[in-house]
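Asks: My questions all concern the structure below.
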Amino acid sequence: MVAVKFPIAYRVSERSWWLRYLIATGFVLVALILNFLPPAQNLPFLFFFGAVALTARVCGFGPSIYSTALSAIAADYFFLHPGTHWGFSLIDILRMLLFASVCLLIASLAQQRSKAQRASEMNQARLAAIVQSSDDAILSKTLDGIITSWNKGAERLYGYTEAEALGKHVSLLSPPELPNDIPMIMSKLRSGDQVQHHETTRIRKDGTRIEISVSVSPVHDLAGNLIGASTIARDITARKVAEETLRKTEKLAATGRLAASIAHEINNPLEAVTNLLYLLRKNPSLDEKGRKHLSFAEQELERVAHISKQTLGFYRQVSSPSRIDVARTLESALSVYTHKLEGRNIRAETKWESGTEIQALAGEIRQVFSNLIANSIDAMPRGGTLTLKVSKSHDWGNGNRRGVRVVIADTGSGIAPAQQSKLFEPFFTTKRDVGTGLGLWVSKSIVQKHEGFIQVRSSVRPGKSGTVFSVFLPESKPASVAA
Ligand SMILES: Nc1ncnc2c1ncn2[C@@H]1O[C@H](COP(=O)(O)OP(=O)(O)OP(=O)(O)O)[C@@H](O)[C@H]1O
Ligand SMILES: [Mg+2]
């Protein structure tokens with residue numbers, strides 16, 4: 002059934018009274034003219050009934066009573082008797098009363114219908130306003146997945162305007178790595194099921210990924226046939242990031258507790274080894290080479306003790322920042338790896354500039370260099386070149402601060418672009434069995450504590466692969482490093 006709507010009705014019935022009565026007069030006049038046409042001669046009142054019904058719907062109840070009266074007068078004068086004169090006999094008055102009653106009945110029915118239609122249209126308008134102003138993305142689609150409606154929330158969430166989205170397939174929003182997600186939702190819908198709070202990833206117009214929670218419900222027509230689906234999607238990217246951060250923090254806290262208990266356990270053997278090394282140093286039969294190895298062993302042991310204290314959490318920053326020569330510190334960190342470099346056929350090239358002194362915590366800076374060198378060695382299992390450079394530099398971006406720049410470059414495997422953004426995250430490692438994924442994270446924290454920065458460039462192009470880490474450390478004692 003086709004529903005005839007009179008949108009003008011509300012506008013007219015809400016306007017001035019004289020306009021409504023003028024329109025009512027117009028309807029009756031038209032009915033009068035139509036009544037003179039040959040087909041209406043046998044049913045003279047038909048068009049008047051129509052005029053009254055129209056008046057009720059378009060102009061309201063008052064004008065419809067007026068048009069009833071007007072129609073009754075016109076019918077009496079023009080049609081009840083041959084010729085044009087008034088009929089006042091009892092039968093004429095009864096006929097007029099009957100005519101007026103039918104008109105009033107029609108008017109009241111038409112008025113009721115208008116009210117119901119008006120209520121329904123207002124309801125629809127209210128619902129449409131709610132959908133439009135919703136923060137959530139609300140869209141509807143056919144069973145084939147063609148988008149048929151698209152609210153402002155969807156525009157904001159996905160970046161496509163309504164005009165761009167309408168008529169397109171919903172797979173427009175599907176990231177290539179999830180090709181089965183939308184077909185799975187559509188097949189559930191076709192079998193009449195709902196999809197509730199399904200968490201997934203979608204792709205925006207600008208190519209960025211968003212995490213959403215989506216609920217999809219089937220839409221039926223009045224006869225109960227499944228004709229499409231409505232989708233409500235909510236951006237949960239911020240919640241996901243918060244969850245991920247919490248997960249990492251919990252992982253870190255657990256690791257911290259574990260590390261603290263391990264550190265506690267290794268403190269005693271550590272002390273024993275320190276004493277043994279001390280006794281070894283006192284041994285007069287130790288030759289020069291042995292002494293050199295011994296002093297390396299002592300340095301490394303000191304570092305282990307330092308890390309153990311830090312991990313335990315009762316490290317009281319006993320060491321204070323001192324003036325260190327960055328080139329010497331890097332050289333000393335490199336010397337520990339001499340055997341490893343030889344064993345792997347890695348050539349080390351060094352270029353030190355003189356006067357590269359800064360105020361810093363020597364042990365921590367050494368740890369940074371050691372981590373970066375160890376990573377470079379790991380990246381060159383079949384040999385290569387390790388280049389280390391130290392030079393005086395400036396941080397151009399931040400008030401032209403003076404400092405030292407350290408470059409540690411290798412000709413190793415390189416780091417794939419997809420992995421570069423994760424490098425400094427805790428626990429990110431590609432060395433499944435041997436790496437903890439904490440090396441770069443710790444290094445970055447130390448460099449940032451010294452108010453410096455660390456950058457990476459890397460290439461995986463065959464024949465030209467390699468990685469360059471560069472570290473800037475400011476010359477003056479940063480406030481973040483306690484005195
Ligand atoms: N010079 C490099 N060349 C190639 N990949 C590198 C290089 N430096 C770091 N990486 C990559 O970054 C990852 C993270 O390094 P990071 O030092 O944080 O952890 P790790 O070396 O895996 O473990 P560990 O905690 O023992 O250092 C490495 O697993 C490796 O994939
Ligand atoms: Mg490492």
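Under the numbering used here, think of the first position of the sequence shown as 2, with each following residue one higher. C-beta atoms are modelled at their ideal positions from N, C-alpha and C, and glycine is treated no differently.
(1) In three-state terms, what does DSSP make of V274?
(2) Am I right that V407 and V327 are in contact with their C-beta atoms under 8 Å? What's the rounded C-beta distance?
(3) Using the beta-carbon of each residue, find all residues closer than 7 Å to any heavy atom of ligand 1 and list them in chain order.
(4) Is the Cβ-Cβ distance between G168 and I186 less than 8 Å?
(5) Could you check how far apart the C-beta atoms of A53 and I107 are, in whole angstroms? I think they sit under 8 Å.
(6) Taking the C-alpha atoms as reference points, what is the distance between I74 and Q125?
(7) Would you check if the distance between the CB atom of I366 and the CB atom of L389 is smaller than 8 Å?
(8) Is W151 buried or exposed, if buried means 16 or more other CB atoms sit within 10 Å of its CB?
(9) Closer than 7 Å by C-beta to G385: which residues in its own chain qualify, once you throw out the five before and the five after it? Chain order, please.
(10) Only counting the same chain, and skipping five residues up and downstream in sequence, which positions put a Cβ closer than 8 Å to that of G415?
(11) What are the boundary residues of the alpha helix (DSSP H) that includes D182?
(12) Rounded to whole angstroms, what's the CA-CA distance from I24 to C60? Just pull it up for me.
(13) Which residues does DSSP list as the beta-bridge partners of S392?
(14) Which first and last residues belong to the alpha helix (DSSP H) in which G154 is found?
(15) Following the continuous alpha helix (DSSP H) through D136, name the residue where it begins and the one where it ends.
(16) Measure the alpha-carbon distance for R203 versus A234 and round it to whole angstroms.
(17) For T412, name the three-state secondary structure that DSSP assigns.
(18) Compare the beta carbon distance of V443 and V472 with 8 Å and say whether it is the shorter of the two.
(19) Report yes if the C-beta distance between G104 and F28 is below 8 Å; otherwise report no.
(20) I need the DSSP call for V337, collapsed to helix, strand or coil.
(21) My assumption, with CB atoms under 8 Å, is that S323 sits in contact with A363. Please give the rounded CB distance.
(22) For L342, which option in S309, E358, N376 has the closest C-alpha, if you only look at C-alpha atoms?
(23) Just mark V242 as buried or exposed, buried being the case when its beta carbon has 16 or more other beta carbons within 10 Å.
(24) Can you tell me where the alpha helix (DSSP H) holding I378 begins and where it ends?
(25) So if DSSP puts E200 in a beta bridge, which residue, or which two residues, is it bridged to?
(26) How should H294 be labelled, buried or exposed, when 16 other C-beta atoms within 10 angstroms of its C-beta is the threshold for buried?
(27) For F50, which of helix, strand or coil comes out of DSSP?
(28) Cβ of L190 within 8 Å of Cβ of A130?
(29) Thinking L281 and L287 are a contact (beta carbons under 8 Å), I'd like their distance in whole angstroms, please.
(30) Count the other C-beta atoms from every protein chain shown that fall within 10 angstroms of the C-beta of M123, then say buried if there are 16 or more, exposed otherwise.
(31) Alpha carbon to alpha carbon, what distance is there between L174 and L373?
(32) Have a look at E266, N181, I237, L302 and flag the residue whose alpha-carbon is nearest the alpha-carbon of D137.
(33) Suppose you measure from the CA of R292 to the CA of L277; what does that come to, to the nearest Å?
(34) Using a Cβ cut-off of 8 Å (strictly closer), state whether G61 contacts chain C.
(35) How would you write the range of the beta strand (DSSP E) that D326 sits in, first residue to last?
Replies: With the structure as the only source:
(1) helix
(2) 6 Å
(3) N372, A375, N376, S377, D379, A380, D411, G413, S414, G415, I416, Q420, L424, F429, T430, T431, K432, V435, G436, T437, G438, L439, G440, L441, W442, S459, T468, F470
(4) no
(5) It is worth fixing the name first, because residue 53 is Val in this sequence and not Ala. Sure, about 5 Å apart at Cβ, within 8 Å.
(6) 41 Å
(7) no
(8) buried
(9) I347, D411, T412, G413
(10) A380, S459, S460, V461, R462, S466, G467, T468
(11) 182-191
(12) 8 Å
(13) R406
(14) 153-159
(15) First-last for D136: undefined, no H or E at that position.
(16) 10 Å
(17) coil
(18) no
(19) The displayed chain sequence assigns Cys, not Gly, to residue 104. Cβ distance not < 8 Å, so C104 and F28 don't count as in contact.
(20) coil
(21) 6 Å
(22) N376
(23) exposed
(24) 363-379
(25) S214
(26) exposed
(27) helix
(28) no
(29) 7 Å
(30) exposed
(31) 41 Å
(32) I237
(33) 14 Å
(34) Included in the structure is just one protein chain, with no chain C present.
(35) 323-326
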